Amino acid sequence: MERSRVLLVDAAPGALLGRELERLLGHGLAVTLNLRRVADRAGARTDWGGRGGRVDFTDFDPFDEAALLAETVRDGLGHHAVKSRAGVPLRAAFLAGATRPGLAHPLRVIGRAGAGTDHVELAAAARHGVTVTHTPGSNAAAVAEFALAQLLALTRGLRSYDEAAHRGEWLAATAPPKELSELTLGIVGPGRIGLALAGRASALGMEVQAFSRRPAITSAPSAPDLAPASASGPDPTPASAPGPAPRPNGSLPDLLATSDVVSLHLPLTPETRGLIGRAELTLMRPGAILLNTARGGIVDEQALADALRDPAHPLAAAAVDTFEHEHAAFASPLFGLPNALLTPHVAGMTRTAMATAALRCADHIAALLAGRPEGIPVVTA
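Mapping to my numbering: the sequence shown position 309 is 309, numbers consecutive.
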C-alpha cells in the first residue's frame, strides 16, 4: 500500500527538526522536506537523505504562491497533506491547484503547527474537500509569559533605561511607576492563552478582568505534569497557571476604560478584524498600555501609531508582536516610535511550545489521513 505523502512547507527549527521527521515517519508517512528555512541544509540531506532515502527534499520560498503550488503538485504526483508553522498563505488558487483532477495524490489535509488558521482560506478549503487542523493551546504558556514580559518591560520602562545605560548615561526615574498590584489587567479573549496570562498576573497581585465574545469564562486549568515527547508517548503540554478566573466584563468599551493594561488574545476573523480602532483607543484609561500577541489585523495599526505620537492621547505605550504585514512584506506605521515595543511574531516560540505544536500537528495529520478524525481539532469556515 502506497504511503500518504506530506510536504513540510516549513519544518520545526534546529534539533526539533529531527523529532518532527521521526514522528511523521513513525506514522508511516512519506515526507518531502522544504530546505529553504532549514539552518543546516547539508546536514539535513546527510542525516535524512543518506539513510536509505528516508526523506525527499525540495527548496523553495513558501511565501511565493506559484512556487508553493508547483512544489505541491510536482510531476503530477501531488501531496496528501501540507504542514506549516509560520502562517504561509494558503488561498483559493493554491487550494484549487493542489486538488485539481488528474493528480495522483490530491491535497486532503492542511496542518498548522500553531493555533491560528487565518492564513488558510477556509471556505475554499471546504469547497475542495480539504480538512484544516491546528494545535490550539500548544503555545498558551509561551505566549502568556511573553505578554507578561511585554507588560513588565513597558510598565517599568526597561527599554529606555537599557538604551541610556548603553550610551553611558545614568538615567534617573522621574516618575516612579506603580507596582503590578496597583494595576488592573484587561484581557480581551479569555481563551487558553488569556486564562494562562490571567493566572500569572493574578499570582503577581494584579486585578484581572476579561471581555469575552462568548457568554462564559472558565477558570484556568491546573498545570499538568510535563512528560517528554516520544514517537508513541504523550507530548509535553504547556502548563496554564492555576488561579481565579478573571472578573467578567460584559462590555469591551467598559473594559478599555477601566484597565491600566489591555492584552489581546483573539483569533483574527471577519468579526475581530479592526476590533481596536481609533474610537476604542480613545476610550482607554490615561497612561494605559496595549499588548498585542494575537493577530495584527485586530488592531488598526495606523490609528495605534497616531495615538502613540499624540502626547495628549490616553494611550501611553504599546507592545506589538503581530502585524498586518509580516515576513518579507513586513511594514508598519509603528516603525520608529519610542513608545512602541515591536517584536517579530516570536511570542509562542519557546522550545516546549514548538515541540508540542510540531509533534501534535504530525499526529493530527496522520490521524486524518488514516480516516481517524475522532478527537482531532478541525477548523471550519
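Virtual Cβ for every residue (Gly too), placed ideally from N, Cα, C. Bear in mind that the values here come from a model prediction, so they are computed numbers and not experimental data.
Leaving out five residues on either side along the sequence, give the residues of the same chain with a beta carbon under 6 Å from the beta carbon of residue i.
i: Gly186; result: Gln209, Leu255, Ser259, Val262
i: Ala381; result: Leu122, Ala123, Ala126
i: Gly277; result: Asp300, Ala303
i: Ala383; result: Residue 383 lies beyond the stretch modelled for the chain, which goes from 1 to 381, so this question has no answer here.
i: Leu290; result: Val262, Ala318
i: Arg37; result: Asp10
Rounded to the nearest angstrom, how far is the Cβ of residue i from that of residue j, given a contact under 8 Å?
i: Trp48; j: Leu33; result: 7 Å
i: Val55; j: Leu107; result: Their Cβ separation, rounded to whole angstroms, is 19 Å, which puts Val55 and Leu107 out of contact at 8 Å.
i: Val320; j: Leu334; result: 6 Å
i: His364; j: Gly111; result: 6 Å
i: Leu341; j: Ala153; result: 6 Å
i: Thr322; j: Ala294; result: 6 Å
i: Leu17; j: Ala44; result: 7 Å
Which same chain residues end up closer than 8 Å to residue i when comparing Cβ atoms and leaving out the 5 residues on each side of it in sequence?
i: Glu179; result: Gly205
i: Glu65; result: Pro89, Arg91, Ala93, Phe94
i: Pro377; result: Thr133, His134, Thr135, Pro136, His364
i: Arg19; result: Ala12, Ala229, Ala355, Ala358, Leu359
i: Ala39; result: Pro13, Gly14
i: Phe60; result: Asn34, Arg36, Ala67, Leu68, Ala70, Glu71
i: Ser160; result: Leu171, Pro338
i: Thr184; result: Met206, Glu207, Val208, Gln209, Thr258, Ser259, Asp260, Val261
Looking at residue i: is its Cβ nearer than 7 Å to the Cβ of residue j?
i: Pro311; j: Pro286; result: no
i: Ala98; j: Thr131; result: no
i: Glu324; j: Gly348; result: no
i: Asn292; j: Leu252; result: no
i: Ala362; j: Arg23; result: yes
i: Ala317; j: Asn339; result: yes
i: Phe63; j: Leu35; result: no
i: Thr343; j: Ala142; result: no
i: Ala96; j: Leu77; result: no
i: Leu268; j: Asp118; result: yes
i: Ala144; j: Ala196; result: yes
i: Ala257; j: Leu283; result: yes
With burial defined as no fewer than 16 other Cβ atoms inside 10 Å of the residue's Cβ, what is the status of residue i: buried or exposed?
i: Ala203; result: exposed
i: Gly375; result: exposed
i: Ala92; result: exposed
i: Arg214; result: exposed
i: Thr94; result: Strictly speaking, residue 94 in this sequence is Phe, with Thr absent from that position. Buried: at least 16 other Cβ atoms inside 10 Å.
i: Gly87; result: buried
i: His27; result: buried
i: Ser171; result: Per the sequence shown, residue 171 should be read as Leu rather than Ser. So Leu171 counts as exposed.
i: Ala15; result: exposed
i: Leu158; result: exposed
i: Ala147; result: buried
i: Arg167; result: exposed
i: Ala329; result: exposed
i: Ala115; result: buried
i: Thr272; result: buried
i: Ala366; result: buried
i: Ala279; result: exposed
i: Ala113; result: buried
i: Ala212; result: Reading off the sequence shown, one finds Ser at residue 212, where the question assumed Ala. Under this definition Ser212 is a buried residue.
i: Ser181; result: exposed
i: Ala331; result: exposed
i: Ala201; result: buried
Using a Cβ-Cβ cut-off of 7 Å (strictly less than) and excluding sequence neighbours within five positions of residue i, which residues of its own chain qualify?
i: Asp225; result: Because the pLDDT of Asp225 is 27, which lies under 50, any placement of that residue in the model is unreliable, and the number read from its coordinates should be weighed accordingly. Same-chain partners within the cutoff: there are none.
i: Arg156; result: Pro177
i: Pro246; result: Ile187, Pro190, Ala198, Val208, Gln209, Ala210, Ile217
i: Gln150; result: Leu291, Ala319, Leu341
i: Val120; result: Leu90, Ile110, Val132
Inset, instruction - Evaluate the contact criterion for the segment 342-362 versus the segment 125-137: three or more CB pairs, one atom per stretch, below 8 Å. - result: yes
Inset, instruction - Tell me, please, whether the segment 187-197 touches the segment 365-378 by the rule of three or more beta-carbon pairs shorter than 8 Å. - result: Counting Cβ pairs under 8 Å, fewer than three are found: no touch.
Inset, instruction - Please determine if the segment 71-90 and the segment 1-10 are in contact, where contact requires at least 3 C-beta pairs separated by less than 8 Å. - result: yes
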